[in-house]
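Asks: Taking this note's numbering, I'd label the letters of the sequence shown as residues 8 to 271.
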Amino acid sequence: MELKNIIVCLKVVPKPEEVKFDPETKRLDRSQARNEINPADKNALELALQLKDKHGGRVIVVSMGPPFWDKYLKLAVAMGADDAVLISDKALIGSDTLPTTLTLARAIQKIGDYSLVLCGEESSDGSTGQVPPGIAEWLGVPHVTYVSDIEVAGEGLARVKRTIKGGHEILEVRMPFVAAVELGCNTPRFPDFRRKRWADREFQPKVWSIADLGLSPEEVGFKGSATEVVELQEAKPPERMKKKISGSPDEVAEELARVLLDLL
Ligand SMILES: Cc1cc2nc3c(=O)[nH]c(=O)nc-3n(C[C@H](O)[C@H](O)[C@H](O)COP(=O)(O)OP(=O)(O)OC[C@H]3O[C@@H](n4cnc5c(N)ncnc54)[C@H](O)[C@@H]3O)c2cc1C
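(1) Rounded to the nearest angstrom, how far is the Cβ of residue 218 from that of residue 81, given a contact under 8 Å?
(2) How would you write the range of the alpha helix (DSSP H) that residue 161 sits in, first residue to last?
(3) Compute the minimum distance between the beta carbon of residue 192 and the heavy atoms of ligand 1, and state whether it is under 7 Å.
(4) Please report how far the alpha carbon of residue 99 lies from the alpha carbon of residue 178, in whole angstroms.
(5) Buried or exposed for residue 268, going by 16 or more other Cβ atoms inside 10 Å?
(6) What residues match up with residue 8 in a beta bridge as DSSP calls it?
(7) What did DSSP end up calling residue 231 once you bin it into helix, strand or coil?
(8) Given residue 187, which residues of its chain have a CB within under 6 Å of its CB, disregarding the five upstream and five downstream residues?
(9) Spell out a yes or no on whether the region 10-19 and the region 111-125 are touching, meaning 3 or more CB-CB pairs, one atom from each, closer than 8 Å.
(10) From the DSSP output, in three-state form, read off residue 183 for me.
(11) Would you kindly work out how many angstroms separate the C-alpha atoms of residue 35 and residue 22, rounded to a whole number?
(12) Nearest-angstrom Cα distance between residue 261 and residue 250?
(13) Let me check one thing: in DSSP terms, what residues is residue 200 bridge-paired to?
(14) In terms of DSSP beta bridges, what is residue 79 paired with?
(15) Which residues does DSSP list as the beta-bridge partners of residue 24?
(16) Alpha carbon to alpha carbon, how far is residue 200 from residue 31? Give it in angstroms, no decimals.
(17) So for residue 146, helix, strand or coil by DSSP?
(18) Decide yes or no for the touch test of the region 56-73 against the region 88-98: beta carbon pairs closer than 8 Å, at least 3 of them.
(19) State buried or exposed for residue 169, treating a residue as buried only when at least 16 other CB atoms are found within 10 Å of its CB.
(20) Return the first residue and the last residue of the beta strand (DSSP E) that residue 65 is part of.
(21) In this structure, does DSSP put residue 108 in helix, strand or coil?
(22) Determine whether the beta carbon atoms of residue 48 and residue 233 lie at a separation below 8 Å.
(23) Measure the alpha-carbon distance for residue 143 versus residue 110 and round it to whole angstroms.
(24) Do you know whose CA, among 215, 146, 86 and 194, lies nearest residue 183's CA?
(25) Can you find a heavy atom of ligand 1 that lies under 7 Å from the Cβ of residue 48?
(26) Output the distance between the C-alpha atoms of residue 41 and residue 130, rounded to the nearest integer angstrom.
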């Protein structure tokens, strides 16, 4: 069976270890952090490319984010994606997952003719995991979480491997559907060097505004959001005890047990 469009939702995230907490403003300071494609989204892209290799179709990456994300979309194209769409609009600032999913769903509908929508299981910064099921709700299609593999099983039907506690289950799902792809389920391919050079120099992602998607400023951003961040607190790791235990093995074991019991 020939697949149609395979859409991959791709988010750009700051490297987690480089994000700082600003105690003055109580906000995350991402200004000094380097960015990367959200790791699970690379797994989603790899799965999309493997499906394309077997069953044809076009892999299209879609991002909702600021203009500088185009660099990461070009990287996805260098890895093998056929096309890229960046939804970028100042009105989107402050969007929680509700307008984020609405915007992505509208872009997917505008692209149209899709067999699958693949997302990462969660982002490494926001980490709500709400975006894939949210998109599916707006589109009115099924969704499957913790997906590690997808096989085309027949006309319009896919066999989906889904991780559960202690193993996995196989589901048969009618296409189109949204899949949240598990982090680390495959090894994302390296960008092709020639394709990367071409993408850097010549490829331009399509850039859409909210007006291009038929959305009004009231439906997105702070106004369109259902939630509001009222406070942010730093979760400080507990102080280390730095206690040295010495003596015979029996004495050390006894003292260690006492220390651990005190902590319970
Ligand atoms: C009240 C509130 C205000 C916020 N204000 C801002 C703000 O001002 N600026 C800001 O940058 N963020 C803001 N956010 C965060 C923003 O809502 C989330 O980044 C966004 O909704 C995605 O959620 P997530 O990171 O939890 O994604 P998850 O649901 O964890 O992501 C799962 C997968 O969905 C896909 N995905 C997620 N986001 C995108 C995207 N943007 N484009 C393409 N695919 C995507 C990816 O495949 C990803 O792996 C705000 C959140 C809240 C709750």
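Built from N, CA and C at the ideal position, the CB exists for glycine as well.
Since the structure is predicted, the reported quantities are computational estimates derived from the model, not experimental observations.
Replies: Taking the coordinates as given:
(1) The residue labelled residue 218 in the question sits at position 211 within the sequence shown. The residue labelled residue 81 in the question sits at position 74 within the sequence shown. Incorrect: roughly 25 Å between the Cβ atoms, too far for contact.
(2) As a first step, residue 161 is located in the sequence shown; it is residue number 154 there, counting from the start. Per DSSP, residue 161 belongs to no alpha helix (DSSP H); it is in the beta strand (DSSP E), 150-161.
(3) Sequence index remark: in the sequence shown, residue 192 carries index 185 (1-based). No; taking the cut-off as 7 Å, the Cβ of residue 192 has no heavy atom of ligand 1 nearer than that.
(4) In the sequence shown, residue 99 corresponds to position 92, counting from 1. In the sequence shown, residue 178 corresponds to position 171, counting from 1. C-alpha separation (whole angstroms): 36 Å.
(5) Taking the sequence shown and counting its residues from 1, one reaches residue 268 at position 261. Answer is exposed; the Cβ neighbour count stays below 16.
(6) For this step, residue 8 is matched to residue 1 along the sequence shown. None, per the DSSP bridge assignment.
(7) Counted from its first residue, the sequence shown places residue 231 at position 224. In the structure shown, residue 231 sits in a helix (DSSP, three-state: H, G or I).
(8) Along the sequence shown, one-based indexing puts residue 187 at 180. Excluding five sequence positions before and after residue 187, the CB atoms of its chain that fall closer than 6 Å to its own CB belong to 126, 128, 139 and 152, given in chain order.
(9) Verdict: yes, contact present.
(10) Here residue 183 is taken as the residue at index 176 of the sequence shown, counted from 1. Coil, per DSSP.
(11) By 1-based counting over the sequence shown, the position of residue 35 is 28. By 1-based counting over the sequence shown, the position of residue 22 is 15. Computed Cα separation, rounded: 13 Å.
(12) Numbered from 1 along the sequence shown, position 254 holds the residue referred to as residue 261. Numbered from 1 along the sequence shown, position 243 holds the residue referred to as residue 250. Between residue 261 and residue 250, the C-alpha separation is close to 14 Å.
(13) Numbered from 1 along the sequence shown, position 193 holds the residue referred to as residue 200. Partner(s): none; residue 200 has no beta bridge.
(14) Within the sequence shown, residue 79 is the residue found at index 72, counting from 1. Its beta-bridge partners do not exist; DSSP assigns none.
(15) Numbered from its first residue, the sequence shown carries residue 24 at position 17. Per DSSP, none; premise fails for residue 24.
(16) Sequence index remark: in the sequence shown, residue 31 carries index 24 (1-based). Sequence index remark: in the sequence shown, residue 200 carries index 193 (1-based). So the two alpha carbons sit approximately 44 Å from each other.
(17) As a working note, residue 146 is residue 139 in the sequence shown. Residue 146 falls in the helix class under three-state DSSP.
(18) Three or more beta-carbon pairs drawn from the region 56-73 and the region 88-98 are found closer than 8 Å, and the two stretches are therefore classed as touching.
(19) Counting from 1 along the sequence shown, the entry for residue 169 is found at position 162. Result: buried.
(20) Walking along the sequence shown from the start, residue 65 turns up at place 58. From DSSP, the beta strand (DSSP E) with residue 65 extends over 65-71.
(21) Mapped onto the sequence shown, residue 108 falls at position 101. In this structure, residue 108 counts as helix in the three-state DSSP scheme.
(22) Position 41 of the sequence shown, counted from the start, is the residue given in the question as residue 48. Position 226 of the sequence shown, counted from the start, is the residue given in the question as residue 233. No, Cβ-Cβ distance for residue 48 and residue 233 is not below 8 Å.
(23) Sequence index remark: in the sequence shown, residue 143 carries index 136 (1-based). Sequence index remark: in the sequence shown, residue 110 carries index 103 (1-based). Going from the Cα of residue 143 to the Cα of residue 110 covers about 12 Å.
(24) The residue given as residue 183 occupies position 176 in the sequence shown. It is 146.
(25) Residue mapping note: residue 48 aligns to position 41 of the sequence shown, counting from 1. With a cut-off of 7 Å, the C-beta of residue 48 is classified as near ligand 1, since at least one heavy atom of the ligand falls inside that distance.
(26) Along the sequence shown, one-based indexing puts residue 41 at 34. Along the sequence shown, one-based indexing puts residue 130 at 123. Near 15 Å, if we compare the C-alpha coordinates of residue 130 and residue 41.
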